[in-house]
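Numbering (numbering that gives the first Met the number 0), first residue to last: 0 to 297. Virtual Cβ for every residue (Gly too), placed ideally from N, Cα, C. Here the structure is laid out as structure tokens; the discussion comes afterwards.
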Amino acid sequence: MSLDITQFYPTEFERNWTHVAQQMDCRLRQAVMPGGNLTGKRKSFNLLNDYEMDEVTTRKGDTPDGDTSGEKYWLYARKFEKVITFDEDDERQLGQIVLPDSDEVRNMAMAYNRKVDDMIIAAFDATRYIGEDGTTTDPFPAGQSIAVDYVPSGAPANSGLTFAKIREAARILNVNEVPESERFFAYGAKQLDDLLAITEATSRDFSDLMALKDGKISYWMGFTWIPTQRLSRNVSTDVRSCFAWHKSAVKLGEGSRNSYIDVRPDKRHAKQIRSVGRLGAVRSENEKVVRVYCDESP
């Protein structure tokens, strides 16, 4: 059987690899406080309680006594890893396609960055451990949450991210005497869509500099805005938890982080790439975090 010359044209293959669409950077590390290097399984942090001055009402009276009081909260380290193994024949059998070993190292670095964000997000409203021995549980208080149906007046109704909710988040932080500088707000793609519908965010009538420009928001209402698609969402109610917080509200601890490329004789000389790191995050004070429930229903 004779073949046309076009049937002899070879099939070519792209030699290199590209990464799928994903979050590559760590977005929340710069919005929390470093908790130092983690070397043990847990680490404690100390808070000094506030107090008021006492009036002196007598002359030459006895000096009263007083003790320092404070609180202690605990950060627990967790260990994470990712392992990819290539058979000894993979590189040869890929032919023109290069072995993606260096690409996988970069992939693991991006996965680590996302894990850092996940740990910080979890610390916003997770139950933390406090006390001398770290055995007392301290759940996130309900008073630091803004309900999904919050309205300043009138009948409550479920809503996404509204101007009223943003104002309420700022009010709660103000009532708690949280410093006005270095406040942040984490939001998702649906919340950005909500913001685009807020007149106060898009109209020059409300601001000399529009908060939203070219579909982006950076600083508004006293918050630096950080986009992330990793905020938790209740799949049954379609409600996402967004957060407003002060930089000092969360401590992030990072231990040793290493990447290894080894040839495994016990696996018929397969090439193994392994990335491992230790992380931990904890909320320092409940009063410095506000959880904002946002409905994402159509």
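#### Entry: Stretch-stretch touch, CB-based, cutoff 8 Å, three pairs: the segment 115-133 with the segment 246-257
Touching, yes.
#### Entry: Buried versus exposed call for V291 [16 or more other C-beta atoms within 10 Å across all chains shown]
With 16 or more Cβ atoms within 10 Å of its Cβ, V291 is classed as buried.
### Task
Less than 8 Å between the CB atoms is what I'm expecting for N48 and G35, so what's the real figure, rounded?
At roughly 23 Å, the Cβ-Cβ gap does not stay under 8 Å, so N48 and G35 are not in contact.
### Task
Could you spell out the range, first to last residue, of the alpha helix (DSSP H) harbouring I165?
162-174
### Query
Do you know whose CA, among E90, M118, V104, lies nearest L230's CA?
M118
#### Entry: S180 versus P63 - alpha carbon distance
Taking the straight line from one Cα to the other gives about 37 Å.
#### Entry: D192 and D237 closer than 8 Å at C-beta
no
### Query
Going by Cα to Cα distance, which pick from A280, F44, D66, G187 is closest to E253?
Closest in C-alpha terms to E253, from the list A280, F44, D66, G187, comes A280.
#### Entry: G159 burial status per 10 Å Cβ neighbour count (16 or more: buried)
buried
#### Entry: Where F7 sits in the DSSP three-state scheme
helix
### Message
Taking 8 Å as the threshold (C-beta atoms), are I145 and A168 in contact?
### Response
Note that the C-beta distance between A168 and I145 is below 8 Å.
#### Entry: Residues near V97 by beta carbon distance below 7 Å, same chain, minus five either side
R14, N15
#### Entry: Cut-off 8 Å between Cβ atoms - residues of its own chain near M0, not counting five sequence neighbours on either side
If we look at M0 and ignore the five residues flanking it on each side, it has no Cβ neighbours.
### Query
Which residue comes first and which comes last in the alpha helix (DSSP H) that contains L191?
188-195
### Query
Who are the Cβ neighbours of T134 in its own chain at under 8 Å, not counting the five residues just before and after it?
Y128
### Task
Could you check the C-alpha separation between S255 and T17 for me, to the nearest Å?
28 Å
### Task
With DSSP as the reference, please indicate the residues paired to D137 in a beta bridge.
R127
### Task
Pair every Cβ in the segment 266-284 with every Cβ in the segment 71-83, then say whether three or more of these pairs are closer than 8 Å.
yes
### Identity of the residue in K189, G221, L194 nearest V177 by Cα
G221
### Task
Identify every run of the beta strand (DSSP E) within the segment 24-66, keeping only runs that are complete inside it and at least 3 residues long; order them along the chain.
32-36, 41-47
### Query
In whole angstroms, what is the alpha-carbon distance linking P297 and K189?
10 Å
### Task
Rounded to whole angstroms, what's the CA-CA distance from S152 to Q143? Just pull it up for me.
Answer to the nearest angstrom: the Cα atoms are 19 Å apart.
### Task
Please state if the CB of Y186 and the CB of W224 are separated by a distance shorter than 8 Å.
yes
### Query
What do you reckon, are the CB atoms on V150 and A141 nearer than 8 Å?
no
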